[in-house]
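> I have a structure I would like to understand better, so I am pasting it below and will then ask my questions one at a time.
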Amino acid sequence: MPERTATIASRSGLHARPAAIFADAAGDAPVDVTIAMEGMPAEDALDAGSILSLMTLGAAKGDVVLLRAEGDGAEVALDALVTLLETDLDAV
Amino acid sequence: MQNFTGVGVSPGRVIGTIRQMPKPVAEPPSGERLASGTAPEDAARDLKAAAQAVHDELKSRADTASGDGKAVLEATALMARDTMLLKSAVKLINAGSSAERAIWDAGASVSEMLHNLGGYMAERATDVLDVRARIVAALRGVPAPGIPASETPFILVAEDLAPADTATLDPDKVLALVTSGGGPQSHTAIIARSLGLPAVVAAHGVDELPESIEAYVDGAAGTIAIEPSEEQRAAASAWADNAATLAVFDGNGTTADGHPVPLLANVGGAKDAAAAAALGAQGVGLFRTEFCFLERDTEPTVEEQAAAYKGVFDAFPGKKVVLRTLDAGADKPLPFLTDATESNPALGVRGYRTDFTTPGVLERQLEAIAQAASESEADVWVMAPMISTPAEAAHFATLCAAKGIKTPGVMVEVPSAALTAAAVLRHVGFASLGTNDLTQYAMAADRQLGPLAALNSPWQPAVLRLVQLTVAGSAEEGNNKPVGVCGEAAADPALAVVLVGLGVSTLSMTARSLAAVGAVLRTVALEQARELAQLALSAPDAVDARAWVRAKLPVLEELGL
């Protein structure tokens, strides 16, 4: 299954506005994307399109997360989402 | 013709149609099952359609909003169609629950999970409950909770407004605010004054009025009339004409006989400060620094704070800016400073007292203030909230001196500080009366409680006596140290005259009120203000104190204040 790691760049972590922007983008992706903290078992991965899941994940700035997706367009979608996570979304 | 009387908290006379704030959504009965004959798949489909509708409605409101309001609406819209929330609700539906009860329970468990995470997430817990209520309303086909959407301006009638409601309040769409609950210091009152909207609170029975009928609201008299008379129509139109002159302050607060009373503004950040300067404020009498800290789960750095403070200082070069150090606790909890489990937060670790439990935050804030002050041209004064004893004042002065802050002061909000004002002032350079909290503590009456609105008035002779004692304490101390007022009381033109008569040297208020206070003050000589102060002190209660003083100030009726 295609996967990517990303380091959270937003100052406030994956909360608030950054979480909203990311959840919106993940929800619009053509494939289902999951997110987990690095080292977390794959079955505990959460739906990346769910803002509530992202908030309970509690990823702070500098934390590394793992994104997974399968199907047509998974690679492209993951690349775009990694870029988003590695941007300081508090600043945009 | 039907009339209602409440407490007028923000002046203005308007006529408009009434829109009721929908009642809170009632909880679906616990254990409510799917109606017989309804397939779980159909209930799940209805739920998803309702959730999508709520999402679309919030999203379209987000698209027209700006700033913080927009960000909150965007996040809330996403919660409405959140897969985690909907999946757990659908699971409950498949187990036989009704759609309403399923989303109710699913929302409760997500909200509890966020609450238990603490900090920023805990604050979002109430957003989930709001979304849940909206989805239940959509399933039932009743109006969504919150401020009604409307193309035309209206008079908003509600039980009371929460801070969250006021974030979505569009001042161009709302002519006046009327609530059946709330008190003179409630959020409704504070928001109304800051937006310059006429408002009446604690008007019992108005929440039973039908939708879309015409009403007349007088925010000074505290009255609402259904089927307005010709006289009331004329009064509303005269107010509209007057409002233009009452919107301009020439930047020179003085009595009729030339006794200067600088009129200052209460601000919460750089944007407010720029607006206040444009409205003629002679400086800032209360710079609330919470904005820099709220919505944060960790303390902002010294550099971040200094940059934020400088934004306010730069709006008033060469003028006085009185900054209040962090006032967290009670109705302004901060996860890294205050304990949300206190059983009595108004009497708890709040204001200056957070330095007892979390030392260091205050010193770093003072460092940031000193840094910003050294880079700006404002005359920066710094005061601590909730000082109770001379020893606390002395300690605060020591902390300020260590950072090179020249003018330390205290807020007088706790009655003990007013009673020992001379000893408190020996250690600091000035005092500023915070009349909202001073009233709440002197009268032992919670600011937010409608049934206590009459007690919770800064016109209470006991509160005025504490103001007088504070001024007397300064005289006894002997160095002519200024005593100002920075509570909402200063924004009431009649009470402002009384405060000046009691010997208060500056008045600080929401910038919208500067012009009205300045216009009334200019018609009163200092000696007359002193007589009115004695009159108010001699009244048996707040209602008479206000009525007696107003009767001697006919200018108020002429201006509709």
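Those protein sequence lines, which keep their order, are chains R and S. Note that our numbering has the first sequence beginning at -7, numbered continuously upward. Note that our numbering has the second sequence beginning at 511, numbered continuously upward. Just so you know, even glycine gets a beta-carbon here, dropped at the ideal spot from N, CA and C.
Where are the alpha helix (DSSP H) runs, 4 residues long or more, that stay fully inside the segment 707 to 756 of chain S, in chain order?
740 to 755
> If distances are taken between C-alpha atoms only, which option among S1015/S, A1021/S and L1066/S comes closest to A1029/S?
L1066/S
> Around the C-beta of N626/S, are 16 or more other C-beta atoms found within 10 angstroms, so that it is buried, or is it exposed?
exposed
> What does T48/R reach in chain S if we use C-beta pairs closer than 9 angstroms?
Within chain S, the residues near T48/R are M594, V620, M623, L624, L627 and M631.
> Whose Cβ in chain R lies nearer than 9 angstroms to the Cβ of R644/S?
Near R644/S there are no residues of chain R at all, since even the closest Cβ is about 15 angstroms away, more than 9 angstroms.
> Any chance you could list the alpha helix (DSSP H) runs of at least 4 consecutive residues sitting entirely within the segment 766 to 847 of chain S, in chain order?
780 to 788 and 812 to 823
> Might you give, ordered along the chain, the residues of its own chain that have their beta carbon closer than 7 angstroms to the beta carbon of L929/S, omitting 5 neighbours on each side?
So the list reads L979, once near-sequence residues are dropped.
> Considering only residues of the same chain and omitting the five flanking positions on each side of A932/S, which have a CB-CB separation below 6 angstroms?
G983, E986 and E987
> Who are the Cβ neighbours of A572/S in its own chain at under 7 angstroms, not counting the five residues just before and after it?
Taken in chain order, the residues that qualify are K580, L583, E584 and A587.
> Judging by CA-CA distance, which residue of G939/S, S1023/S, T1033/S and L1047/S is the nearest neighbour of V977/S?
L1047/S
> Answer with yes or no whether the minimum CB distance from V564/S to chain R is below 9 angstroms.
no
> Put E542/S into one of helix, strand or coil per three-state DSSP.
Under the three-state reduction of DSSP, E542/S is assigned to coil, being neither helix nor strand.
> Would you tell me roughly how many angstroms separate the C-alpha atoms of K916/S and G5/R, rounded to the nearest one?
38 angstroms
> Reducing DSSP to helix, strand and coil, say where Q958/S ends up.
Judged by DSSP in its simplified three-state form, Q958/S adopts coil rather than helix or strand.
> Could you spell out where the alpha helix (DSSP H) holding A28/R opens and where it closes?
Not the alpha helix (DSSP H): A28/R falls in the beta strand (DSSP E), residues V25 to M29.
> Which residues mark the beginning and the end of the alpha helix (DSSP H) in which N946/S is found?
T945 to M953
> Give every residue of the same chain whose Cβ lies closer than 8 angstroms to the Cβ of A17/R, excluding the five residues on either side of it in the sequence, and list them in chain order.
A72, L73 and L76
> DSSP has D39/R in a bridge; who is on the other side?
Partner(s): T26/R.
> My guess is that P708/S and S898/S are in contact by the Cβ rule of under 8 angstroms, so how many angstroms apart are they, rounded?
That belief does not hold up - the Cβ atoms of P708/S and S898/S are roughly 37 angstroms apart, past 8 angstroms.
> Under 9 angstroms between the Cβ atoms of A12/R and I43/R?
A contact, by the Cβ cut-off of 9 angstroms.
> Distance, Cα to Cα, D80/R vs K829/S?
37 angstroms
> Sort out for me which residues DSSP pairs A1026/S with in a bridge.
The partner list for A1026/S (beta bridge, DSSP) is empty, contrary to what the question assumes.
> Of the residues that make up the segment 24 to 46 of chain R, which ones have a beta carbon closer than 7 angstroms to any beta carbon in chain S?
D39, G41, S42, I43, L44 and S45
> Quick one: does D16/R have its CB under 9 angstroms from some CB of chain S?
By this cut-off, D16/R is an interface position.
> Thinking C-alpha only, which one of G63/R, V68/R, V23/R and A52/R is nearest P10/R?
Checking every option, the nearest Cα to that of P10/R belongs to A52/R.
> Give the residues of chain R in contact with E584/S, contact being defined as C-beta atoms less than 9 angstroms apart.
R9, A12, I13 and D16
> Which residues in chain R have a C-beta closer than 7 angstroms to the C-beta of L588/S? List them in chain order.
Those are A12, A15, D16 and I43, listed as they occur along chain R.
> I want to check one thing, is the minimum distance from the CB of K1062/S to the heavy atoms of the ligand NAP below 8 angstroms?
Among the components modelled here there is no ligand, and therefore nothing to report on the ligand NAP.
> Output, in chain order, the set of chain R residues within a Cβ distance shorter than 7 angstroms of R634/S.
M47
> Please return the same chain residues whose Cβ sits closer than 7 angstroms to the Cβ of S834/S, not counting the five positions on each side in sequence.
The amino acid occupying residue 834/S in the given sequence is Arg; Ser does not appear at that position. The residues are L796, F797, R798, T799, M893, P895 and M921.
> So what does DSSP say about I528/S, is it helix, strand or coil?
strand
> Since I believe G1070/S is in contact with A730/S (beta carbons under 8 angstroms), could you give me their beta-carbon distance rounded to a whole number of angstroms?
Contact holds; Cβ gap of about 6 angstroms.
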